[in-house]
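Here's the structure, in structure tokens; my notes come after.
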Amino acid sequence: MNNFNENNLFNPDRTGSIEVICGSMFSGKTEELIRRLRRAVFARQKVEIFKPAMEIRYSKEEIVSHDQNTIPGTPVENSGNILLLSSDIDVVGIDEAQFFDDGLPYVCNQLAEQGIRVIVAGLDMDYKGNPFGPIPALCAIAEDVTKVHAICVKCGKLANYSHRLVKNEKLVLLGEKEEYQPLCRECYNRVTALLKDIV
Ligand SMILES: [Zn+2]
């Protein structure tokens with residue numbers, strides 16, 4: 011973890027802020043989001059968690075990470091709904107933020123202006139290695155960005171690519187272990203070059 015001191019944000023006189031937790035699949039983004047939100051709950055802060063309504067991998071009502079840590083969450087259709095549902099809240103968590111519309115950075119700014127601590131977790135790149143949805147813009151406007159890493163399944167180095175194992179051109183494919191593997195840059199380039207040769 012970096013030098014960022016999240017305890018500063020528990021100051022009751024705090025102003026709002028935006029934190030981004032991003033990385034590849036299996037990098038522990040949601041676990042880190044849940045850890046920060048739990049600490050806010052322990053500090054008796056009012057916490058609300060949102061996720062895109064399309065994220066129905068396991069449960070409609072809970073934010074679920076790959077290690078089955080759960081915390082109640084509210085599915086919303088678009089980023090604007092988060093603004094409507096966040097009155098009288100201290101900390102807003104947003105999971106799978108890459109699937110939200112481009113209005114999300116504006117919404118997070120508005121929340122922070124209202125004195126809310128906003129913690130956003132999402133994939134930084136899609137399976138092709140391109141910046142994903144509103145995450146790059148969120149990184150730009152955030153006070154703090156934490157990049158988390160998975161471990162490359164080929165060589166054991168830090169991985170930041172989510173390689174898709176099934177052939178499907180759809181950008182949004184909610185995945186599990188069978189469908190993606192975390193790879194480092196070197197292994198990702200080797201594997202995708204091999205795939206190009208086959209096609
Ligand atoms: Zn590797």
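Residue numbers 11 to 209, in the working numbering, belong to the letters of the sequence shown in order.
Glycine included, each C-beta is placed from N, C-alpha and C at the ideal position.
Inset, instruction - Compare the Cα-Cα distances from N119 to each of P144, M35 and I151 and report the closest residue. - result: N119 has its Cα closest to that of I151, out of P144, M35 and I151.
Inset, instruction - Could you spell out the range, first to last residue, of the alpha helix (DSSP H) harbouring E42? - result: K39 to F52
Legend entry - Cα-Cα separation between K70 and Y198, rounded to whole angstroms: Residue confidence for K70 is low, a pLDDT of 48 falling below 50, so the modelled location carries little weight and cannot support an answer.
Inset, instruction - Report the residue from E42, S89 and Q124 whose alpha carbon sits nearest the alpha carbon of P258. - result: Residue 258 lies beyond the range of the chain shown here (11 to 209); nothing can be said about it.
Inset, instruction - Would you mind stating whether I145 and G103 have Cβ atoms separated by less than 9 angstroms? - result: Going by C-beta atoms, I145 is not nearer than 9 angstroms to G103.
Inset, instruction - Return yes when at least one heavy atom of ligand 1 lies under 8 angstroms from the C-beta of A8, else no. - result: It is not possible to answer for residue 8, since the shown part of the chain is limited to 11 through 209.
Inset, instruction - Compare the C-alpha of D134 against each of C32, T25 and I28 and name the closest. - result: C32
Inset, instruction - Please determine, among I28, I126 and H159, the residue with the shortest C-alpha to C-alpha distance to F36. - result: H159
Legend entry - Distance between K206 and E42 (C-alpha atoms, nearest Å): The straight-line gap from Cα to Cα measures roughly 35 angstroms.
Inset, instruction - Compare the C-alpha of C194 against each of L47, E29, V176 and Y171 and name the closest. - result: Y171
Legend entry - Other residues of its chain near I99: CB distance less than 8 angstroms, five sequence neighbours each side excluded: Closer than 8 angstroms at the Cβ level, and outside the excluded window around I99, lie K56, V57, E58 and I126.
Inset, instruction - Indicate the three-state DSSP secondary structure (helix, strand or coil) for Y198 in the structure shown. - result: In the displayed model, Y198 falls within a helix according to three-state DSSP.
Inset, instruction - Pull up the distance between the alpha-carbon of Q191 and that of E123, whole angstroms please. - result: 38 angstroms
Legend entry - Residue from C149, D154 and G113 whose Cα sits closest to the Cα of E87: G113
Legend entry - Whole-angstrom distance between G38 and N140, CA atom to CA atom: 20 angstroms
Inset, instruction - Give the DSSP bridge partners of D100, in chain order. - result: None; D100 has no bridge partner.
Legend entry - Beta-carbon gap between I161 and L47 smaller than 9 angstroms: no
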